[in-house]
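*Asks:*
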Amino acid sequence: MLEFWNKALAYFWRPELPWALLFTFGLGLILFQLLPASRRAIVTSLELYGLCVLGKFSSACLNAFALHNSAEIVHEMFVVGSGLIMIHLLGLLLFRLAFPLIRLRIPRIIEDLLTFLGYIAWVLVRLRLAGMDLTSLVATSAVLTAVIAFSMQDTLGNTMGGLLLQIESSIKVGDWITIGNVAGQVSEIRWRYTALETRDGETVIFPNSVLMKNSFTIVSSPMQRRPEWRRWLWFNVASSIPPGRVQEVALAAIGTADMPNVARTPEPSCVLMEFGPGFARYALRYWLIDVEPDSPTDSQVRGRLLAALQRAGIELAVAQNEVSLSFDTRKAPEEREQQRRCQALRSAEIFAVLSDEEIAQMASNLVYAPFASGDVILREGSTTGDSLYLLAEGEVDVWLDELPDRPGGHVAVLGTGEVLGEIGMMTGEPRRATLIARSYAQCYRLDRATFERVIQSRPEVAGEIARVLASREQRLRMPAGERAQPLPSGLSLRTKSILDKMREFFGFCDG
1 MLEFWNKALA YFWRPELPWA LLFTFGLGLI LFQLLPASRR AIVTSLELYG
51 LCVLGKFSSA CLNAFALHNS AEIVHEMFVV GSGLIMIHLL GLLLFRLAFP
101 LIRLRIPRII EDLLTFLGYI AWVLVRLRLA GMDLTSLVAT SAVLTAVIAF
151 SMQDTLGNTM GGLLLQIESS IKVGDWITIG NVAGQVSEIR WRYTALETRD
201 GETVIFPNSV LMKNSFTIVS SPMQRRPEWR RWLWFNVASS IPPGRVQEVA
251 LAAIGTADMP NVARTPEPSC VLMEFGPGFA RYALRYWLID VEPDSPTDSQ
301 VRGRLLAALQ RAGIELAVAQ NEVSLSFDTR KAPEEREQQR RCQALRSAEI
351 FAVLSDEEIA QMASNLVYAP FASGDVILRE GSTTGDSLYL LAEGEVDVWL
401 DELPDRPGGH VAVLGTGEVL GEIGMMTGEP RRATLIARSY AQCYRLDRAT
451 FERVIQSRPE VAGEIARVLA SREQRLRMPA GERAQPLPSG LSLRTKSILD
501 KMREFFGFCD G
């Protein structure tokens, strides 16, 4: 038994073995520390190298059993395998570490091809050292080579396609492209395929030959310095509405406030594209800064546009059809809407003194005015105070500009049932705060003329309205934690001030 192990160890432990072990595992440890993204491949390579070492030891055992030919064949197989692993690690060292340090970027497909050529060269060297005549091998395998080339024409086409894509720089890693109905970012260009990462987190593999034979669209590239991608939002409105008005409302929807991921330059545009039966077709065009969150940005723009059109009283249109409705069917939605408007008015504290008849009169003149999240409802300092808003659903942020005698910033959040812009409409004072929709806010707009008809017919309610206005104003100025406490006694002075301004503004006398 001792003689067996002595023979096995003598065959296994060759002079180059310790140096090969030290080089391979040392290089593997260095790459493991410096290339975190390739650690799995490095660990797998070292595990395979360990198996090759065990395979060499198995050949030594065969040699100790006097199976010399089998031992040589097995030993040579594992020598070739360990050499291939060393070439792989050297490729990582060269292409992933050394070249990037000198700022030399080698395309991945070139890395793969050069590594593959290294594998072939190593196999040919081992065949030559084993005594095989490579010249005769090439001469006698011409037919076999032709057969293999014919059977691998798709693979060769993919390889050549990948090379041409890299040489021509048609697409690069990081580009956003569209192929058929698949859109994504190029994550890899390999010798056989190109990989796209979609917005859904999927990896789609396209053979390079497909890219060479078919058209594809480059949506954006990291090298571009302009906004990335122009989007088209199509919508229809009644052809009776002047195009200038539609375009003005549409552009204001995304131009009044900065929208994330919508470029300011080039400016958005709204164009009339075509006519249909009873409607005109428009396109709102805008540029995305980042193409990845395209759907969320498009959704936000659609919401802003829809809210702006509804505030302006412009309804989306479809092809006209003749439909007969009974009177009761037609009347039911109108009654429900009237009830919602009356409820919004009754929820407002400042209108609590009005009678049901006065509430119904005002409700008939309310205009539905929704705001998308981020829309500016009122802006501080504005003097166009010809209306107020009733917040029927949603939340609104209250912001104050910084002034010498007061700090600015976010001061309050208004919820369902609140009234917005009442001081400006009832007294003519400039807007005292900027109101921005915190969420989708369903509002009703009450114009000054409607309120004036009520106040002129019953001036005595002005005093109670002025008291409520002064109370609400004082509470909004208080810190959020103190708004439930009793109000100071000096409130009556502000009430009188508001009432005097209302008398002057509307020209009534309450006796």
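So for the sequence shown, the UniProt record's numbering puts the first residue at 1; every next one is plus one. Backbone N, C-alpha and C define an ideal beta-carbon position, used for all residues, glycine too. Predicted model only: the values in this text are computed from it and were never measured.
1. Express the C-alpha separation of S215 and V74 in angstroms, rounding to a whole number.
2. Using CA coordinates, which residue listed in V411, A250, M426 and S382 is at the minimum distance from A307?
3. What residues in its chain sit with their C-beta under 6 Å from that of G81, if we drop five residues either side in the sequence?
4. Along the chain, where does the alpha helix (DSSP H) that runs through R453 open and close?
5. Round the Cβ separation of W234 and A283 to the nearest angstrom and send it over; I've been treating them as touching at under 8 Å.
6. Using CA atoms only, rank isn't needed, just tell me which of I254, P407 and C443 is closest to Q343.
7. Considering only their Cβ atoms, is the gap separating M502 from M426 smaller than 8 Å?
8. Excluding the 5 residues flanking E188 on each side, which residues of the same chain have their C-beta closer than 8 Å to its C-beta?
9. So, using beta-carbon positions, are I377 and A437 closer together than 8 Å?
10. Return the residue from the list E349, Q185, W232 and I120 that minimises the CA-CA distance to S299.
11. Contact between the stretch 117-136 and the stretch 79-94: three or more CB pairs below 8 Å?
12. Tell me whether the stretch 42-58 and the stretch 13-32 touch, counting them as touching only if at least three CB pairs, one residue from each stretch, are closer than 8 Å.
13. For R245, which residues from the same chain have a beta carbon less than 7 Å from its beta carbon, with the 5 sequence-adjacent residues on both sides left out?
14. Among the residues of its own chain, which have a CB less than 6 Å from the CB of L35, if the five just before and after it don't count?
15. Going by C-alpha to C-alpha distance, which of G417, S170 and T203 sits closest to Q185?
16. Using only the alpha-carbon positions, how far apart do F508 and E334 sit?
17. Candidates E76, I177 and L89: which alpha carbon is nearest R128's?
18. Which runs of the beta strand (DSSP E) spanning at least 3 residues fall entirely within the stretch 325-368, listed in chain order?
19. Let me check understanding here. Comparing Cα to Cα, which of T450, Q456, R494 and K213 lies closest to A360?
20. At the level of alpha carbons, what is the spacing between E111 and T297?
21. Among the residues of its own chain, which have a CB less than 8 Å from the CB of F99, if the five just before and after it don't count?
22. Residues in its own chain within less than 6 Å of S269 by CB, not counting five upstream and five downstream?
23. Is it buried or exposed for M259, if we count other Cβ within 10 angstroms and need 16 for buried?
24. In whole angstroms, what separates the C-alpha of residue 531 from that of M212?
25. Pull up the distance between the alpha-carbon of R483 and that of R472, whole angstroms please.
26. Should S220 be labelled buried (16 or more other beta-carbon atoms within 10 Å of its own) or exposed?
27. Considering only C-alpha positions, which residue in the set W176, A466 and V396 is nearest to A372?
28. Measure the alpha-carbon distance for V79 versus R14 and round it to whole angstroms.
29. Please state the DSSP three-state secondary structure of S439.
*Replies:* According to the data block:
1. Straight-line Cα distance between these residues: approximately 50 Å.
2. Closest in alpha carbon position to A307, among V411, A250, M426 and S382, is A250.
3. Taken in chain order, the residues that qualify are C52.
4. It spans R448 to S457 - the alpha helix (DSSP H) in which R453 sits, taken as one unbroken run.
5. Taking 8 Å as the upper bound for CB-CB distance, W234 and A283 are in contact here, some 5 Å apart.
6. Taking only the C-alpha atoms, the option nearest Q343 is C443.
7. M426 places its beta carbon less than 8 Å from that of M502.
8. The residues are R108, V173, T194 and A195.
9. Against a cut-off of 8 Å, the Cβ pair of A437 and I377 comes out as a contact.
10. Minimum Cα distance to S299 is reached at W232.
11. Contact between the stretch 117-136 and the stretch 79-94 is present, because at least three Cβ pairs lie under 8 Å.
12. The stretch 42-58, when compared against the stretch 13-32, does touch it at the 8 Å Cβ threshold.
13. Within its own chain, no residue has a Cβ closer than 7 Å to the Cβ of R245 once the five positions on either side in sequence are excluded.
14. Sequence-distant partners of L35 (beyond 5 residues in either direction) whose C-beta falls short of 6 Å from its own C-beta, in its chain, are R96.
15. The shortest Cα separation from Q185 among G417, S170 and T203 belongs to T203.
16. Going by the C-alpha atoms only, they are around 34 Å apart.
17. Nearest of E76, I177 and L89 to R128, Cα basis: E76.
18. For the stretch 325-368, not a single whole beta strand (DSSP E) run of length 3 or above is found.
19. Per the Cα distances, T450.
20. Cα-Cα distance, rounded: 38 Å.
21. For F99, the CB contacts under 8 Å within the same chain, skipping 5 residues up- and downstream, are R105 and I106 in chain order.
22. The answer, listed in chain order, is R285.
23. So M259 counts as buried.
24. Because residue 531 is not part of the residues shown, which for the chain are 1 to 511, the question remains open.
25. Low local confidence applies: a pLDDT of 45 at R483 is under 50, so the model's placement there is unreliable, and no value is given.
26. Label assigned to S220: buried.
27. Comparing Cα positions, the closest option is V396.
28. Rounded to the nearest angstrom, the gap between the Cα atoms of V79 and R14 is 12 Å.
29. DSSP places S439 in coil when its eight states are reduced to three.
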